[in-house]
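Here's the structure, in structure tokens; my notes come after.
Protein chains in written order, with this note's numbering: chain E, 156 to 443; chain U, 156 to 443; chain X, 156 to 443; chain W, 156 to 443.
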């Protein structure tokens, strides 16, 4: 597969007969070759239909813009599709947010520096000035924007100014601030957060202490899109590690951080590969 | 290891220097040979200490009752121990409770019939008459005790009568009734329940439907001792299975049941082998 | 989804542009509605292409045989497809084979009796007479066919006679006999076996004893199609459990059996749902 | 727990009655307070006995050397013990070895720099000059010692000179060279290696390619002590990740590296905390 010629088409529409035939027929007729096709329907009989196609465009008989316009007119409108095409060669411009703890941030930067996260990481923004050297070591600009309850709006305005108009993805890699509603709305389904998770849940302060006191046998992490409901957005990925009564609170925290690193990295990768479609409060994830 | 001569000593006391030396010295001086020793302290400096010893008694120079009395006088009182000795050859008399779903019950009965659950399963009690044949097929008596909101007290009285005075363990293998507080009190730390678990938790009705709508990536099960707080007692064991957006609600339920089977069986086995000690709302589990 | 109207189309052919469009267009034009579509290519540029479609046929404008003939003529021949259509309502006639250990057999029978294995289990064949009562308890005929090295051919002839001409699937649920090559050839890609697996592998006698002596931290199981190379056929499913140095050989065996139960049940279910396609010594598994 | 006063006693001897009483009595009588005690016997009746004690020494009425001599005379000789005491405050001097791939090395250095690996990492030695900057960024000296088949002996002599006489642990973090027998002998049970693992095993070249062609469903990693039998030494830790037929060889390699990072880090941590005892070709691991 050649990245330069790889495109992805994401579709969401009411399910009805003929969608796969219409889409694949369109691509075939215009010289595109499908590599992978994933689809999901909530109900074949009147439900919602989701599809992801990855295709090669070397012999494309049209320019991209003409292809997209043609697709819209001949297929998308007929099936009332919510759709978009992305091109693997055009990496998503990504801003990472962090507070003081570096574990999730370093995991992302390290994978990215090895070519394993197909993003264009353009900056790291932090409400503390602690990780500047680490970030710069990866060749990424670091911006310190202090945040207090009183200055949150100004701080977010400054962050928005720093990010400019063409940021595709924000990743909260242990950014311990709640974003304002306008910020969340502006980047809807384009902000990924990571947080610890337990069975049962421990909402509120000191969750690891309480998980320890309760003697849980599993600790986990959840990566999700940020919505107005804190920590309640559409889940992208989750995982757990086994623990015992003998682990101290600080050991649980360390183990929790190790899961957070991997869960967040997987979620971000799937987003960057256009494998996720948000549907209500749920994420369809077309993973391998 | 010979089951007939295997004994287990469970201890709980304030932590202070010398406990291990006192206990192991006592056993050695009376001809007992320690096979395994597990211990845990919440804090070596003034915390709570827990210990489980499994030892062989072939050359014991005392009868069991004299040994126990001697231990109490020379060791246990000095360290203010809460303790008990159990003998592997004396299997715990166990009653299983079930409603309509047989998955957890059959798993327990099947493991037991193969000699893998060291219990003396003396009866199955159900509020439905549906699983009589299945239970009898394992050679276990089945009692049908209908329960309605109005008759719950009488029903529990009947169950108590059926169980008699020497039931050591009650296992709720998908018994969909809440026990009354007197019943819970009577068998404190001797009733094990199994229920589904999710990250995050979905309290209330239709949890699998809601987990499906939320797009969780893991579904799990928790086995715990029953307390007055429904589904909130000390956790013994937990596990999860990976799921995807494509699994239907009924598939999630089936997968959840498969985890429940194994989580409950492990928890019951550990209880029967005296590997668990309840401490507040937490269970110390000395598993291998 | 209505089982009576559900059909599945499995395809394998050289990859070239237009396959998805051709197949989905054909189905659409004949009134079939696609529920799910999975595909995989070893290489979009001249590799091997695999596809599974599940579709509904309520409004089919053709009989099944006409549909199949038409598909062959208008699509399959053009793309040199190896293909077949199956119908969910026509369950696969399945024979289970077992020796003395019942764990894998009982798991399959129990899931099947609850409606969770979409098979038509028509008989159990064993080289021992030990599990007759268990099998009959599930309402399934049991046939005892003794096997010795000298009589293996006659024994297999008798088994073949018992199975008749319309057995779709043979499952070796801990059947401790090696099948002869003619038997394997006759049911190629239609015999599923389960065996223990370790990292590293312990080939030969007493694998659990050797895994114990080596101090492995994981024990596992592999379900695979049977080929002439013993235990080396195309893998369908694998899983592991964590163990420690403290587990005895007999505990490892018990844990291994618990994994075998689940790995085999999953593999058989996927086969029955037509989710598997063998390619060389590899199995493409289109699981959810 | 205060690291400065924490000591650990590791014991191995023929199992016989009275060991626990003798050891714990000795420690108690000399003012040491046991925090944790783990033990294991291959057979209570004449087998091999292993024990790890972690104890606090704040009120010790003896100097360390007197304590050790006294223990030897009054306890160890009587029970024919192979034993040693280590002190948590004296971190093990550790040398890391690497070739070109940085994943395992960076994971160790990152955990160590955050205080999560209780070692004194004194140098990194590599047969390539590729990771110097990365290593120096963590404040650790980097030594490039080229190795060719002809110069292996001289190269190892140079490495031995660099390490000096007081290296406690060598970690091969993807060091793609086989050590000579004298080197292995000199650091017996003090060299930890990491390598990929599969079920079944693929010995020889291109294991990931062959695992891909075989369609394995799990890929894993094993950390072990190095012996003369390449990749066959006593196992310390293992883990696996689930994969599918759709993962490419390079994706399998990446996933395998992610497991290697964690398996090696856990194994090294357990070694550094004196939780491992080698017994024949097996490692007793007293993990929490």
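The C-beta atom is built at its ideal place from N, Cα and C for all residues, glycine as well.
None of these values were measured; they are calculated from a predicted model.
Self-check item: Interface partners of residue 231 of chain E on chain X, CB under 8 Å
Solution: Locating residue 231 of chain E in the first chain gives position 76, where the first residue counts as 1. Contact annotation for residue 231 of chain E against chain X: no contact, minimum CB-CB distance about 17 Å [criterion: below 8 Å].
Practice problem: Report back the beta-carbon spacing between residue 188 of chain X and residue 199 of chain E to the nearest angstrom; my notes put them in contact at under 8 Å. | Solution: Looking up residue 188 of chain X in the third chain gives position 33. Looking up residue 199 of chain E in the first chain gives position 44. Between residue 199 of chain E and residue 188 of chain X the Cβ distance is about 6 Å, and since that is below 8 Å, they are a contact.
Quiz item: Apart from the five residues just before and just after residue 197 of chain E, which ones in its own chain have a Cβ nearer than 6 Å to its Cβ?
Solution: Your numbering for residue 197 of chain E matches position 42 in the first chain. Once the five neighbours on either side are set aside, the close Cβ partners of residue 197 of chain E are 203.
Quiz item: Residues of chain E with CB under 9 Å from residue 219 of chain U, in chain order?
Solution: Position 64 of the second chain, counted from the first residue, corresponds to residue 219 of chain U. Residues of chain E passing the Cβ test: none, with the nearest at roughly 30 Å.
Self-check item: Assumed close pair residue 422 of chain E, residue 378 of chain E - CB separation to whole angstroms, cut-off 8 Å
Solution: Counting from one through the first chain, the residue named residue 422 of chain E turns up at place 267. Counting from one through the first chain, the residue named residue 378 of chain E turns up at place 223. Right, their Cβ atoms sit about 3 Å apart.
Quiz item: Would residue 179 of chain E count as contacting chain X if we go by Cβ distances under 8 Å?
Solution: Taking the first residue of the first chain as position 1, residue 179 of chain E is located at position 24. Chain X contact via Cβ: present.
Practice problem: For chain W, find out if any of its Cβ atoms is closer than 8 Å to the Cβ of residue 261 of chain E; answer yes or no. | Solution: Within the first chain, the letter at position 106 stands for residue 261 of chain E. With respect to chain W, the C-beta atom of residue 261 of chain E has a partner C-beta closer than 8 Å.
Self-check item: Option nearest residue 349 of chain U by Cα separation, candidates U:420, U:402 and U:369
Solution: Within the second chain, numbered from 1, the residue matching residue 349 of chain U stands at position 194. Per the Cα distances, U:420.
Quiz item: Which chain U residues are close to residue 265 of chain X, counting only those with a beta carbon under 7 Å from its beta carbon?
Solution: Here residue 265 of chain X refers to the residue found at position 110 of the third chain. Here the neighbours are 261.
Quiz item: Is the CB of residue 192 of chain E under 8 Å away from at least one CB in chain X?
Solution: For the purposes of this step, residue 192 of chain E is taken as residue 37 along the first chain, with counting starting at 1. It does: the Cβ of residue 192 of chain E has a partner Cβ on chain X nearer than 8 Å.
Exercise. Can you say whether residue 343 of chain X is buried or exposed, counting buried as having 16 or more other CB atoms within 10 angstroms of its CB?
Key: Here residue 343 of chain X refers to the residue found at position 188 when the third chain is read from its first residue. Label assigned to residue 343 of chain X: exposed.
Exercise. Please state whether DSSP places residue 405 of chain U in a helix, a strand or coil.
Key: Taking the second chain and counting its residues from 1, the one referred to as residue 405 of chain U is at position 250. The answer is helix: DSSP assigns residue 405 of chain U an H, G or I state.
Quiz item: Which runs of the beta strand (DSSP E), 3 residues or longer, sit entirely within the region 209 to 254 of chain U?
Solution: 237 to 242 and 247 to 253
Practice problem: Report yes if the C-beta of residue 280 of chain E is less than 7 Å from at least one heavy atom of the ligand ATP; otherwise report no. | Solution: Here there are no bound small molecules, and the ligand ATP is not part of this structure.
Quiz item: Sorted by chain position, which residues of the same chain lie with C-beta nearer than 8 Å to residue 364 of chain W's C-beta, five sequence neighbours on each side aside?
Solution: Reading the fourth chain from its first residue, position 209 is the one you call residue 364 of chain W. Excluding positions up to five away in sequence, the list reads 404.
Quiz item: Quick one: any contact between the region 427 to 437 of chain E and the region 259 to 276 of chain E, if contact means 3 or more CB pairs under 8 Å?
Solution: yes
Quiz item: Per DSSP, what kind of secondary structure is residue 376 of chain X in: helix, strand or coil?
Solution: The residue given as residue 376 of chain X occupies position 221 in the third chain. The answer is strand: DSSP assigns residue 376 of chain X an E or B state.
Quiz item: Ends of the alpha helix (DSSP H) at residue 341 of chain W?
Solution: As a first step, residue 341 of chain W is located in the fourth chain; it is residue number 186 there, counting from the start. Residue 341 of chain W -> alpha helix (DSSP H) spans 336 to 341.
Self-check item: Cross-chain neighbours of residue 401 of chain W in chain E, by beta carbon under 7 Å
Solution: For the purposes of this step, residue 401 of chain W is identified with residue 246 of the fourth chain, where counting begins at 1. Within 7 Å of the CB of residue 401 of chain W, the CB atoms of chain E belong to 443, in sequence order along the chain.
Practice problem: Just tell me which of U:399, U:442, U:304 and U:252 has its CA closest to the CA of residue 290 of chain U. | Solution: Along the second chain, one-based indexing puts residue 290 of chain U at 135. Minimum Cα distance to residue 290 of chain U is reached at U:252.
Quiz item: If we cut at 8 Å on Cβ distances, does residue 243 of chain E have a partner in chain X?
Solution: Locating residue 243 of chain E in the first chain gives position 88, counting from the first residue. Chain X contact via Cβ: absent.
Quiz item: Any residues in the region 161 to 190 of chain X with a beta carbon nearer than 7 Å to a beta carbon of chain E? Which ones, in chain order?
Solution: 172, 173, 175, 176, 179, 180, 183, 188, 189 and 190
Exercise. Measure how close the beta-carbons of residue 433 of chain X and residue 389 of chain X come, nearest whole angstrom, since I'm counting them as under 8 Å.
Key: One-based indexing of the third chain puts residue 433 of chain X at position 278. One-based indexing of the third chain puts residue 389 of chain X at position 234. About 5 Å separates the two Cβ atoms, so the contact holds.
Quiz item: Hey, is residue 271 of chain E's beta-carbon within less than 8 Å of any beta-carbon in chain W?
Solution: In the first chain, counting from the first residue as 1, residue 271 of chain E sits at position 116. True, the Cβ-Cβ gap to chain W drops below 8 Å.
Quiz item: So what does DSSP say about residue 308 of chain X, is it helix, strand or coil?
Solution: Indexing the third chain from 1 puts residue 308 of chain X at position 153. If DSSP states are grouped into helix, strand and coil, residue 308 of chain X belongs with the helices.
Practice problem: Pull up the distance between the alpha-carbon of residue 232 of chain U and that of residue 397 of chain X, whole angstroms please. | Solution: Residue numbering aside, residue 232 of chain U sits at position 77 when the second chain is read from its first letter. Residue numbering aside, residue 397 of chain X sits at position 242 when the third chain is read from its first letter. Answer to the nearest angstrom: the Cα atoms are 40 Å apart.
Practice problem: Drop a sphere of 10 angstroms on the beta-carbon of residue 213 of chain E, count the other beta-carbons inside from all chains shown, and report buried for 16 or more, exposed for fewer. | Solution: As a working mapping, residue 213 of chain E is identified with position 58 in the first chain. So residue 213 of chain E counts as exposed.
Exercise. Quickly, what does DSSP pair residue 437 of chain E with across the bridge? List them, please.
Key: As a working note, residue 437 of chain E is residue 282 in the first chain. In the DSSP output, where bridge partners are listed per residue, residue 437 of chain E has E:434.
Self-check item: Close beta carbons around residue 324 of chain U, own chain, < 6 Å, minus the five adjacent residues each side
Solution: On the second chain, residue 324 of chain U is found 169 positions in, with the first residue counted as 1. Cβ within range, chain order: 247, 249 and 345.
Quiz prompt | Distance between residue 158 of chain E and residue 168 of chain E (C-alpha atoms, nearest Å) | solution = Working through the first chain from its first residue, we reach residue 168 of chain E at position 13. Working through the first chain from its first residue, we reach residue 158 of chain E at position 3. Distance between the alpha carbons of residue 168 of chain E and residue 158 of chain E is about 28 Å.
Self-check item: Host alpha helix (DSSP H) of residue 174 of chain W (start-end)
Solution: Position 19 of the fourth chain, counted from the start, is the residue given in the question as residue 174 of chain W. Where residue 174 of chain W is concerned, the enclosing alpha helix (DSSP H) stretches over 174 to 184.
Quiz item: Under the DSSP definition of a beta bridge, which residues are partnered with residue 352 of chain W?
Solution: Residue 352 of chain W sits at position 197 when you count from the first residue of the fourth chain. In DSSP, residue 352 of chain W forms a bridge with W:375.
Exercise. Please list the partners that residue 404 of chain W has in chain X, where partner means a Cβ-to-Cβ separation under 7 Å.
Key: Stepping through the fourth chain from its first residue, residue 404 of chain W is reached at position 249. Within chain X, no residue comes near residue 404 of chain W; the closest Cβ sits about 11 Å away, beyond 7 Å.
Quiz item: Are the C-beta atoms of residue 246 of chain X and some chain W residue less than 8 Å apart?
Solution: For the purposes of this step, residue 246 of chain X is taken as residue 91 along the third chain, with counting starting at 1. At a cut-off of 8 Å between beta carbons, residue 246 of chain X makes no contact with chain W.
Quiz item: Does the distance from the CB of residue 239 of chain W to the CB of residue 207 of chain W come in under 8 Å?
Solution: As a first step, residue 239 of chain W is located in the fourth chain; it is residue number 84 there, counting from the start. As a first step, residue 207 of chain W is located in the fourth chain; it is residue number 52 there, counting from the start. Cβ distance not < 8 Å, so residue 239 of chain W and residue 207 of chain W don't count as in contact.
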